[in-house]
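A short worksheet on the structure shown next.
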Amino acid sequence: MQGKGQFKKHSFSTTMDIFISTLILYPLSILFEVIGIVISRLVGLLSLFYIYLSPMSNEQKGVDVKFGLKDFNISILFLGNFANIIMLLSRFTAGLDDGNNITFFNYSIVLLNVLLTAVILNLNTIVLRRLSIKKDLRLVILSGFSALFLGLGLVFVINTYGFNIIQFIFQRGAFTLEDTFATFAYAKDLSYSFVLIFIASALFQPFFSMDQDLIKRESSVMARILFLAIVGLFVVFNFISLDARDNSLIMIYSLSVLSMFLSIFSVYKYFTTKVLKK
Numbered sequence: 002m003q004g005k006g007q008f009k010k011h012s013f014s015t016t017m018d019i020f021i022s023t024l025i026l027y028p029l030s031i032l033f034e035v036i037g038i039v040i041s042r043l044v045g046l047l048s049l050f051y052i053y054l055s056p057m058s059n060e061q062k063g064v065d066v067k068f069g070l071k072d073f074n075i076s077i078l079f080l081g082n083f084a085n086i087i088m089l090l091s092r093f094t095a096g097l098d099d100g101n102n103i104t105f106f107n108y109s110i111v112l113l114n115v116l117l118t119a120v121i122l123n124l125n126t127i128v129l130r131r132l133s134i135k136k137d138l139r140l141v142i143l144s145g146f147s148a149l150f151l152g153l154g155l156v157f158v159i160n161t162y163g164f165n166i167i168q169f170i171f172q173r174g175a176f177t178l179e180d181t182f183a184t185f186a187y188a189k190d191l192s193y194s195f196v197l198i199f200i201a202s203a204l205f206q207p208f209f210s211m212d213q214d215l216i217k218r219e220s221s222v223m224a225r226i227l228f229l230a231i232v233g234l235f236v237v238f239n240f241i242s243l244d245a246r247d248n249s250l251i252m253i254y255s256l257s258v259l260s261m262f263l264s265i266f267s268v269y270k271y272f273t274t275k276v277l278k279k
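In terms of the numbering used here, the sequence shown opens at residue 2 and continues consecutively.
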């Protein structure tokens, strides 16, 4: 949809995806517990495919575009999916002690990631569309502050209502009141990192509207910095005596701060780089 310029349709479809997943999350989690969460996400993805992607695959008009290995760039993929990579690495770190930390982390991420998926990413899609047409400093500032305020709003909701939300959605069966307290504490500790992730995600959008050669060159440098930081963190974890929970928080906050600074640098490159005429 983005490739066809249907940015509004893309935003609506991804919002519907997460809305359907969230709507059926509660009843499915009652029936199937943790597996119900996975099923709810799959149903959302299947609805996205059935309503939007399936009709597109049956279209006969237009020109077929072939993709090959040369069309993929690992650095761009790495940078474009940095938020998911940060959460994945933090989840991996949380599970290194063979305890329940990874369970509490996963439940926390389910709540925190809803706003990122349903709102921030769709806002980024709209911003990217406009910046692809014309450079607009006010739009970049507006999207950055919007991400900041939405992130702080998320922190407020988690700190104020997080316990009740977690208890209402997850506390049943083997998930006890003690688990609710542990998940709530984890969600509060993780929430501020999502403010940084929201801001970085918003500020990276101008960068992806630049000339493709410039994107490949600069993303390669930034991806290497992130990769070295990840390796460095795992090395540090071998020399410090902290539990997996603390290490996962160090991982997500360190990479979130770094990604935010890299996103600020990408905005600087966007506004100081002249458009290349072909």
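Backbone N, C-alpha and C fix where the C-beta goes; we use that ideal spot for every residue, glycine too.
- Annotation: L78 to D247 spans about 28 Å, alpha carbon to alpha carbon.
- For M211, the secondary structure class from DSSP, reduced to helix, strand or coil, is coil.
- Of the residues Y254, E179 and I200, the one whose Cα lies closest to the Cα of G145 is I200.
- Remark: three or more beta-carbon pairs, one from each stretch, lie closer than 8 Å, so the stretch 256-268 and the stretch 201-211 are flagged as touching.
- Rounded to the nearest whole angstrom, the CA to CA distance from L259 to Y271 is 18 Å.
- Between S192 and I159, the beta carbon gap of about 5 Å places them in contact (Cβ cut-off 8 Å).
- Only residues of its own chain outside the window of five on either side were considered, and among them F106 have a CB closer than 6 Å to the CB of R92, listed in chain order.
- When the alpha-carbon of N102 is set against those of V196, R139, F228 and A186, the nearest one is in A186.
- If you look at Q206, you'll find it isn't in any alpha helix (DSSP H); DSSP assigns it neither H nor E.
- The three-state secondary structure of A175, taken from DSSP, is coil.
- T274 counts as exposed, since fewer than 16 other beta carbons sit within 10 angstroms of its beta carbon.
- Counted as a single uninterrupted DSSP element, the alpha helix (DSSP H) harbouring F272 occupies residues A245 to T273.
- Around the C-beta of E219, 16 or more other C-beta atoms lie within 10 Å, and the residue is accordingly described as buried.
- Under the 10 Å beta carbon count, Y108 is surrounded by 16 or more other beta carbons and is classified as buried.
- Under the criterion of beta carbons closer than 8 Å, I253 and I86 do not qualify as touching, at roughly 11 Å.
- With respect to the C-alpha of G81, the residue from T177, I110 and I198 having the closest C-alpha is I198.
- Assignment of K189 by DSSP, reduced to helix, strand and coil, places it in the helix class.
- The three-state secondary structure of S147, taken from DSSP, is helix.
- DSSP places D180 in the helix class (H, G or I) of the three-state scheme.
- Around the C-beta of G152, 16 or more other C-beta atoms lie within 10 Å, and the residue is accordingly described as buried.
- Restricting attention to L138, S147, L250 and Y162, the CA atom closest to the CA of I121 is found in S147.
- Measuring C-alpha to C-alpha distances from D137 to each of A188, L149, D98 and M211 identifies M211 as the nearest.
- Residue environment: T161 is assigned as exposed (fewer than 16 neighbouring CB atoms within 10 Å of its CB, all protein chains considered).
- DSSP places K135 outside both helix and strand once states are collapsed to three, so it counts as coil.
- Close CB contacts of L97 within its chain, under the 6 Å cut and outside five residues either way in sequence, are with A245 (chain order).
- G163 carries a helical assignment under DSSP once its states are collapsed to helix, strand and coil.
- The residue among L243, S221 and A230 with its C-alpha nearest the C-alpha of I75 is S221.
- Rounded to the nearest whole angstrom, the C-alpha separation of L215 and L229 is 21 Å.
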